[in-house]
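Only one structure is covered here, and it is reproduced in the block below.
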Amino acid sequence: MALEDSLFGVHGKALALRSQRLDLLASNIANASTPGYKARDIDFDAALKEATQKNDSAAQAAKDTMGYRIPLQPSLDGNTVELSTEQNLFAENAVKYRTTLSFLEGRINTISRALKGE
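With our numbering applied, the sequence shown covers 638 to 755.
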């Protein structure tokens, strides 16, 4: 077990996965009008499970659990991005990213105070 894992538990990998998912969702949004673009996403729960159980890096776990989104209403040009869905998922993931980051900041502050003897 790495020192990072013992200090931050699952939250370090969760933060890295959330960051990668934000990038992927932003890419989907940016390509909403690109003909033939296929929307992708990470199965966050499966990626986190893989990263923790197999002790994989977050990047490898994200790659292994990435898939294409099946649209509710496919467009004629082959683009599978549904802008409202992507925007909702992005906002939800951003809130969860910030929550995880706040938890880690609290953990770091606690460790820092302990090291200072406060």
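Ideal Cβ positions, reconstructed from N, Cα and C, are used throughout, including at glycine.
Every value quoted in this text rests on a predicted model; they were computed, and no experiment measured them.
ARG750: not part of any beta strand (DSSP E); member of the alpha helix (DSSP H) spanning 720-753, first to last residue. If the five residues before and after LEU741 are omitted, its C-beta is found closer than 8 angstroms to the C-beta atoms of PHE645, HIS648, GLY649 and LEU652, all from its own chain and listed in chain order.
Taking 8 angstroms as the cut-off, the Cβ atoms of GLN657 and ALA696 count as close. The straight-line gap separating the alpha-carbon atoms of LEU720 and THR702 is approximately 22 angstroms. Following the DSSP letters along the chain, one finds GLY646 in no alpha helix (DSSP H), marked with neither H nor E. THR717 is a Cβ neighbour of LYS675, given a cutoff of 8 angstroms.
Here ARG658 carries a helix assignment [DSSP, helix/strand/coil].
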